[in-house]
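Protein chains in written order, with the numbering used here: chain E, 1 to 218; chain B, 1001 to 1218; chain V, 2001 to 2218; chain U, 3001 to 3218.
Glycine included, C-beta positions come from ideal geometry on N, C-alpha and C.
Treat the numbers as computed from the prediction; the structure is a model and nothing was measured.
Below: one structure, written as structure tokens.
4 protein chains.
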Amino acid sequence: MAQEPSNRPLAYRGEHQMKPLPFDPAKLKGLSEKLITSHHQNNYGGAVKRLNLIEQQLGAMPRDAAPYQQGSLKREELIATNSVLLHEAYFGNLGSAGAPDGDFATLVTASYGAREAWEHDFRLTGMSLAGGSGWVIASYEPHSQALRNWWAFDHTHGLAGGIPILVMDMYEHGYHMDYGANAKGYVDAFFANVNWDEVSRRLEAARQGSLASRDVPG
Amino acid sequence: MAQEPSNRPLAYRGEHQMKPLPFDPAKLKGLSEKLITSHHQNNYGGAVKRLNLIEQQLGAMPRDAAPYQQGSLKREELIATNSVLLHEAYFGNLGSAGAPDGDFATLVTASYGAREAWEHDFRLTGMSLAGGSGWVIASYEPHSQALRNWWAFDHTHGLAGGIPILVMDMYEHGYHMDYGANAKGYVDAFFANVNWDEVSRRLEAARQGSLASRDVPG
Amino acid sequence: MAQEPSNRPLAYRGEHQMKPLPFDPAKLKGLSEKLITSHHQNNYGGAVKRLNLIEQQLGAMPRDAAPYQQGSLKREELIATNSVLLHEAYFGNLGSAGAPDGDFATLVTASYGAREAWEHDFRLTGMSLAGGSGWVIASYEPHSQALRNWWAFDHTHGLAGGIPILVMDMYEHGYHMDYGANAKGYVDAFFANVNWDEVSRRLEAARQGSLASRDVPG
Amino acid sequence: MAQEPSNRPLAYRGEHQMKPLPFDPAKLKGLSEKLITSHHQNNYGGAVKRLNLIEQQLGAMPRDAAPYQQGSLKREELIATNSVLLHEAYFGNLGSAGAPDGDFATLVTASYGAREAWEHDFRLTGMSLAGGSGWVIASYEPHSQALRNWWAFDHTHGLAGGIPILVMDMYEHGYHMDYGANAKGYVDAFFANVNWDEVSRRLEAARQGSLASRDVPG
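Have a look at this one:
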């Protein structure tokens, strides 16, 4: 008889639940309810379901499995886990509130010389992913207390030890329904909808850690 | 005239310095001084030098650069930055001290059912990378307060928002001089040299943060 | 003064031209003219333009360039070149004509046991790419005279020495405008539009070594 | 009872055999017998064994498998197949014979302006892969009748429709035993050992469409 889910170890539990959208999908600027709802339900929701299957399949891996079997599933686990986490961070930083000021403005100015230069770097990195997949992730680095923009070609990429603060989805499912190949139009819409209060909250949470040390992660 | 380095914004500064080995390379068990010294000097040191060039090249990117130019350099920045950070974490968790107990043992048991099951998962993931490149990274997840093992096929991969706690280099430059294609022999040697005190210290630092929230990163 | 284009060596020439659609984009079944035209003009056309820039930038690489500069551009060259070639192969095998019979049917039956089993494998590989990027490529292998389906996660992947015979684009720009997240609907539409006469022609050319044409695969 | 191997369809047969080294491994210049024998036996041989397991596992995939299960195995199939084919092409173009002249010299001069410029591009692409994984592949393009160098970051990459003519392995298992981190020393040794007669033979076969042999590329 199958083991009761609640008895499985955490890594193999496969009981992740979707988080609802933290805003009214009918009220974003320039991003349609149909697009946002499909993105949330199908792409994020699909990743949650897939992750649950993958974790349970990993838990059923025979003790003497060939290493490639482990590697191929661990890759799928990374893809699905990051897809879940980054989609949650993405929807979480939409909804239009506040302004890119305070500590966030201070950190990006320190890193890029000016807030406008930071935004140019973020947008241009996004445009380099147009027509394909990926994310642009502004991450706080506990080890240096800085914030920088990172290129991610797919769900698997990210700064080692970095805490995502502002996240933009560049997968085509994030904009094609509304913008087709006009990725620039989507990037404009993204910036018009950022919830800067949430961005500030994340940054504050990340900075309050004891992680601000040169020793962790490296 | 070239701008003085100290005036460049942080993201384009390109002044990273190597960190010395935190142990005597002649005293590891089953990993030769020649191997460790070459790994540290050539692979880690090479990444530091390359990262400095990449950051400065990014800072000199023309305002009207084609997006692919930005994307290709941002990819190189991610590769070199993670190579630097992960190598520092790797050397930092070698040197043989303490034992895999305390909070670490509690967390991996929660995730994998038993410490031995965690180690089997970690080792098998490592073996899946034998003959190629990559890392195995046991990361603390601030959003769930759990610790799991992650597959990384090259320097670019990692858990979004995860804090590397125990890191094993599976690039062939990490073992071929001593073990040739015998990756299993290397993985055994890695475990014989882990500095568990450092592992515990990292975990403690990661857990003391205010990051232990479902809201960051996602 | 800039060198005249026609004097540049072939590898650095950067004078690729778009090929027109080989069918009337208003007449496909279940794939709209708007989708096909955008796909051809923006995604394929964008790759042609980008490839031309990349080749010329490679030709201007300083003799003493850092290796990472070469590597990052060579990666972009591979992405853009394969995007051009695979898009040409994709549009080239649409337009609805003939049937999957003759040598093609013989080869896929030899490889998969039955033509239906081949199609199941091809479709399921396509579905594994839903929500992201990639291609499914049925390639002829000159060294074994067989034909098999290959997974490609992005433009860079492919069988060493394989000749693309039937190519399905799984980038979301290939279907999101018409099908949203319903990748299965798109795969059905793809199969309803295959130009099997062209597939047979390619296979014949591959087997006779008469591929020296601008038409196969690009 | 298990199906007899000889009854399985080709794609799921899993009966690939190793090819022996086409030269005496004790007689290469600057590449030790120990290195070459380990490379052939462990890395190439390991890929052959793994490929056989993967093909049989693909053949046992349930009809209703989740798409990610298909995708992850198809990725492993691509990695293992290309590792087999490229290793066969690599060992096949070592053994030191002939000179880079004739049609080969004509084609690379057409592409790069001069044979020396071709070799510089090939070597620099190789150096961009130092410290990690990958291949440099000079491929003949049937569609344009040209020959160019391609960057491959791992076993999965390659020119769509390209026929490998000269192949250099840049995985660290190809040189670390003899050269450590001195990748340049290895690249010099590679060029000292090229079997140009085989390179010419492959190019001739590619141009005549007579590749239907177990020898090219694998």
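Secondary-structure assignment with DSSP links His-120 (chain E) through no beta bridge to anything. Between Asn-195 (chain E) and Ser-96 (chain E) a beta carbon distance of about 6 angstroms is seen, short of the 8 angstroms cut, so the two are scored as contacting. Sequence-distant Cβ neighbours of His-1087 (chain B) in its own chain, meaning closer than 6 angstroms and more than five residues away, are Tyr-1044. At a beta-carbon threshold of 8 angstroms, the residues of chain V lying near Met-177 (chain E) are His-2176, Met-2177, Gly-2180, ordered along the chain. Taking C-beta atoms under 8 angstroms as the contact rule, Phe-3091 (chain U) and Pro-3022 (chain U) qualify, at a distance of about 6 angstroms.
Close to Arg-2201 (chain V), with beta-carbon spacing below 9 angstroms, lies no residue of chain B; the smallest spacing is near 34 angstroms. Under the three-state reduction of DSSP, Asp-2154 (chain V) is assigned to coil, being neither helix nor strand.
The segment 1059–1069 of chain B makes no contact with the segment 3114–3125 of chain U, as fewer than three CB pairs between them are under 8 angstroms. The beta carbon of Tyr-1179 (chain B) is closer than 8 angstroms to those of Gly-1185, Tyr-1186, Ala-1189 in its chain, skipping five residues each way along the sequence. At a cut-off of 8 angstroms between beta carbons, Met-3018 (chain U) makes no contact with chain V. Ranked by Cα distance from Met-1168 (chain B), the first of B:Asn-1093, B:Arg-1013, B:Met-1061 is B:Asn-1093. CA-to-CA, the gap between Asp-2154 (chain V) and His-3040 (chain U) works out to about 30 angstroms.
Glu-15 (chain E) sits in coil when the DSSP states are folded into three classes, being neither helix nor strand. Non-local C-beta neighbours of Trp-3151 (chain U) in its own chain, meaning closer than 8 angstroms and more than five positions away in sequence, comprise Thr-3125, Ser-3128, Leu-3129, Gly-3134, Val-3136, His-3157, ordered along the chain. Just so you know, the alpha carbons of Ala-3105 (chain U) and Ser-139 (chain E) end up roughly 49 angstroms apart. Contact annotation: Ser-2072 (chain V) and Pro-3009 (chain U) have beta-carbon atoms that are not nearer than 8 angstroms.
In this structure Gly-131 (chain E) touches His-2173 (chain V) by the C-beta definition: roughly 6 angstroms separates them, less than 8 angstroms.
Within chain V, the residues Gly-2132, Ser-2133, Phe-2153, Asp-2154 have their CB atoms less than 9 angstroms from the CB of Asp-154 (chain E), given in chain order.
Cβ-Cβ distances below 7 angstroms link Phe-122 (chain E) to Val-136, Ala-138, Asn-149 in the same chain, with the five nearest sequence neighbours on each side left out; the list follows chain order. Straight across, the Cα-Cα distance linking Lys-1019 (chain B) with Glu-1033 (chain B) is about 17 angstroms. Within the segment 2033–2046 of chain V, the residues whose Cβ lies closer than 9 angstroms to some Cβ of chain E are Lys-2034, Leu-2035, Ser-2038, His-2039, Gln-2041, Asn-2042, Asn-2043, Gly-2046, listed in chain order.
Counting every other CB atom within 10 Å of its CB across the protein chains shown gives Pro-2025 (chain V) a total of 16 or more, marking it as buried. Within chain V, no C-beta atom comes less than 9 angstroms from the C-beta of Glu-1088 (chain B); the nearest is roughly 20 angstroms away. One thing to note: Leu-78 (chain E) has its Cβ no nearer than 8 angstroms to the Cβ of Val-108 (chain E).
The CB of Thr-2081 (chain V) comes closer than 8 angstroms to the CB of Leu-3159, Ala-3160 in chain U, given here in chain order. Contact with chain E is absent for Tyr-2186 (chain V), since none of that chain's Cβ atoms lies less than 8 angstroms from the residue's Cβ.
An exposed status is given to Ala-3099 (chain U), since fewer than 16 other beta-carbon atoms sit within 10 Å of its beta-carbon. Scanning chain U for C-beta atoms nearer than 9 angstroms to the C-beta of Tyr-1171 (chain B) yields Gly-3131, Gly-3132, Ser-3133, Glu-3172, reported in chain order. Each residue's CA atom was taken as its position, placing Asn-42 (chain E) and Ala-183 (chain E) some 21 angstroms apart.
Asp-2169 (chain V): member of the beta strand (DSSP E) spanning 2163–2169, first to last residue. At a cut-off of 8 angstroms between C-beta atoms, Ala-1138 (chain B) does not count as an interface residue with respect to chain E.
From the listed residues E:Ser-83, E:His-16, E:Arg-63, the smallest Cα separation to Glu-55 (chain E) is found for E:His-16. In chain order, Ala-3097, Gly-3098 place their CB closer than 6 angstroms to the CB of Asp-3197 (chain U), counting only its own chain and leaving out the 5 sequence neighbours on each side. Residue range 3135–3141 is occupied by the beta strand (DSSP E) that includes Ala-3138 (chain U). In the displayed model, Asn-1052 (chain B) falls within a helix according to three-state DSSP. Each of V:Gly-2014, V:Arg-2013, V:Asp-2103, V:Asn-2193 was checked against the Cα of Ile-2036 (chain V), and the nearest Cα belongs to V:Asn-2193.
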